[in-house]
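Residue numbering for the sequence shown follows the working numbering, starting at 4 and increasing by one per position.
Encoded as structure tokens, the structure appears first; notes follow it.
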Amino acid sequence: MITADRLNSIQEYYFSKKLREVRGLMADGKPIINMGIGSPDLAPSPQVLETLRDSIIEAGAHQYQSYQGLPQLREAIAHFYQQKFEVTVDPSSEVLPLMGSKEGIMHISMAFLNEGDEVLLPNPGYPTYTSVTNLVGGAPVSYDLKAENGWFPDLEELSKKDLSKVKVMWISYPHMPTGATATKEQLESLVEFAKENEILLVNDNPYSFVLSSNPTSILSIDGAKDCTLELNSLSKTFNMAGWRVGMVLGSAEHITAVLKVKSNMDSGMFYGIQKGAIAALQSGPEWFEALDKVYTKRRELMFQLADKLGCTYDKNAVGMFVWCKLPKGAEPSEDFIDKVLHDKDIFIAPGTIFGSNGEGYIRFSLCVKEEKIEEAIERF
Numbered sequence: 004m005i006t007a008d009r010l011n012s013i014q015e016y017y018f019s020k021k022l023r024e025v026r027g028l029m030a031d032g033k034p035i036i037n038m039g040i041g042s043p044d045l046a047p048s049p050q051v052l053e054t055l056r057d058s059i060i061e062a063g064a065h066q067y068q069s070y071q072g073l074p075q076l077r078e079a080i081a082h083f084y085q086q087k088f089e090v091t092v093d094p095s096s097e098v099l100p101l102m103g104s105k106e107g108i109m110h111i112s113m114a115f116l117n118e119g120d121e122v123l124l125p126n127p128g129y130p131t132y133t134s135v136t137n138l139v140g141g142a143p144v145s146y147d148l149k150a151e152n153g154w155f156p157d158l159e160e161l162s163k164k165d166l167s168k169v170k171v172m173w174i175s176y177p178h179m180p181t182g183a184t185a186t187k188e189q190l191e192s193l194v195e196f197a198k199e200n201e202i203l204l205v206n207d208n209p210y211s212f213v214l215s216s217n218p219t220s221i222l223s224i225d226g227a228k229d230c231t232l233e234l235n236s237l238s239k240t241f242n243m244a245g246w247r248v249g250m251v252l253g254s255a256e257h258i259t260a261v262l263k264v265k266s267n268m269d270s271g272m273f274y275g276i277q278k279g280a281i282a283a284l285q286s287g288p289e290w291f292e293a294l295d296k297v298y299t300k301r302r303e304l305m306f307q308l309a310d311k312l313g314c315t316y317d318k319n320a321v322g323m324f325v326w327c328k329l330p331k332g333a334e335p336s337e338d339f340i341d342k343v344l345h346d347k348d349i350f351i352a353p354g355t356i357f358g359s360n361g362e363g364y365i366r367f368s369l370c371v372k373e374e375k376i377e378e379a380i381e382r383f
């Protein structure tokens, strides 16, 4: 059977392919320390787990659920945004729970892109933006993010280009993979840029609560809802990556468009997971403080490892990664990480998987226990 032409436009996800190699090395007895993947190794709170356990015996728990999620979940998301970001949204029409924010990238693209529509994509940035754009027949157009500009786009330079075919622009602040943040003024400039060019701006925002003293939502900018959607997730903030709980927020018109796609793709999120998500969103400040305490200790150790490799990094970056510039004269990123993998049995992500501007960089994940980071340091 011949596969669809759309598969010719994408490749297997890097981590899917590379982890097969890593697992093969482990099967051969190699003591691999995996520092490449941002999959939280910590558990959700006891309250979340207890809520899930108790919910599964409730009446109707195992039936199909609403495409829009439980009203209580949408209300919890709206309250969370009000409390943490000072953003007001209508839970009945401006919030849509998702089975992970990654599916939201596909739903948004299917809802707003026609074949040939251009999409502005960050370089470096999350690879899924590009692959989904290709899958739906859009035309990827990358825009540069560079260290000297604080990993923020040069909107003045971008405005000089022909943007008449651009329909969607993907951004991610706090930025993945670099951990860079955007100021209120910078977010305002992005919203203004989107309005001037009639572009749907989508901010992918799952890292606001990991080592971040100033959680920010682009929806806090006046008038942002007119041209902006924001994706968020419980995966990183609440150690619930495998639960697949995300959300998209924006105007009722935009959310309705996304719902048209989503309602044809699934039959609702499991009741118990939704109840657990509600409990997570109601977590008090002690949860976030404890999370940051763990990641702070890990990050300090990861800085030591980066020093061993002769790398430089931004100590003020946020999120659950450490983005490092390789020392001058080092081999290309992928060759560098392969050498470390085979010589020291440590897997690190090369910056190039996030785009050409990631050449010369590597990324460490903080989803590694302290003793494993210490072991990695000792290997050097």
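The beta-carbon is built from N, C-alpha and C at its ideal position, and this holds for glycine as well.
Which residues does DSSP pair with residue i in a beta bridge?
i: tryptophan 173; result: Val205
i: alanine 142; result: Glu121
i: valine 251; result: Leu99 and Leu234
i: tryptophan 326; result: Arg366
i: tyrosine 1; result: It is not possible to answer for residue 1, since the shown part of the chain is limited to 4 through 383.
i: phenylalanine 350; result: Asn37
What's the gap between the Cα of residue i and the Cα of residue j?
i: glutamate 337; j: threonine 355; result: 7 Å
i: glycine 249; j: cysteine 230; result: 20 Å
i: leucine 138; j: lysine 328; result: 32 Å
i: glycine 39; j: isoleucine 340; result: 10 Å
i: lysine 311; j: lysine 372; result: 18 Å
i: proline 130; j: glutamate 381; result: 32 Å
i: serine 216; j: tryptophan 154; result: 19 Å
i: tyrosine 67; j: tyrosine 274; result: 8 Å
i: serine 145; j: isoleucine 60; result: 49 Å
i: alanine 7; j: isoleucine 80; result: 38 Å
i: valine 325; j: glycine 182; result: 8 Å
i: glutamate 292; j: glycine 103; result: 24 Å
i: proline 127; j: tyrosine 364; result: 10 Å
i: leucine 234; j: proline 209; result: 7 Å
i: leucine 10; j: glycine 107; result: 20 Å
i: leucine 45; j: alanine 320; result: 21 Å
i: glutamine 78; j: tyrosine 70; result: Before going further, note that residue 78 is glutamate rather than glutamine in the sequence given. Roughly 15 Å separates the two Cα atoms.
i: proline 47; j: aspartate 346; result: 35 Å
i: valine 194; j: isoleucine 221; result: 8 Å
At a cut-off of 7 Å, would you count residue i as near the ligand PLP, judging by its Cβ distance to the nearest heavy atom?
i: lysine 228; result: This structure lacks the ligand PLP; in fact it carries no ligand of any kind.
Skipping 5 residues on each side, what residues in its chain have a beta carbon closer than 8 Å to that of residue i?
i: leucine 1; result: In the structure as shown, the chain begins at 4 and stops at 383. Residue 1 is therefore absent and cannot be evaluated.
i: aspartate 348; result: Leu28, Lys33, Pro34, Ile35, Ile36 and Arg382
i: leucine 161; result: Leu123, Tyr146 and Phe196
i: serine 192; result: Leu158
Output needed for residue i: all residues of its chain with C-beta closer than 6 Å, excluding positions within five of it in sequence on either side, in chain order.
i: lysine 198; result: Cys230
i: proline 94; result: Arg77, Glu78 and Ala81
Can you check whether the C-beta of residue i is within less than 8 Å of a C-beta belonging to chain C?
i: leucine 116; result: Among the protein chains of the structure shown there is no chain C, as only one such chain exists.
Excluding the 5 residues flanking residue i on each side, which residues of the same chain have their C-beta closer than 7 Å to its C-beta?
i: leucine 28; result: Ile35
i: asparagine 360; result: Asn126, Pro127, Asp147, Leu148 and Lys149
Does the stretch 44 to 61 come into contact with the stretch 279 to 288, if we say contact requires no fewer than three beta-carbon pairs (one atom in each stretch) closer than 8 Å? Contact between the stretch 44 to 61 and the stretch 279 to 288 is present, because at least three Cβ pairs lie under 8 Å.
Is the number of C-beta pairs between the stretch 254 to 272 and the stretch 11 to 24 that are closer than 8 Å three or more? With the cut-off at 8 Å, the stretch 254 to 272 and the stretch 11 to 24 do not touch.
Can you check the stretch 11 to 69 for any alpha helix (DSSP H) of at least 4 residues that lies completely inside it and give the ranges in chain order? As far as the stretch 11 to 69 is concerned, its whole alpha helix (DSSP H) runs of at least 4 residues are 17 to 30 and 49 to 58.
Between the stretch 304 to 319 and the stretch 158 to 176, can you find at least three pairs of beta-carbon atoms closer than 8 Å? Verdict: no, contact absent.
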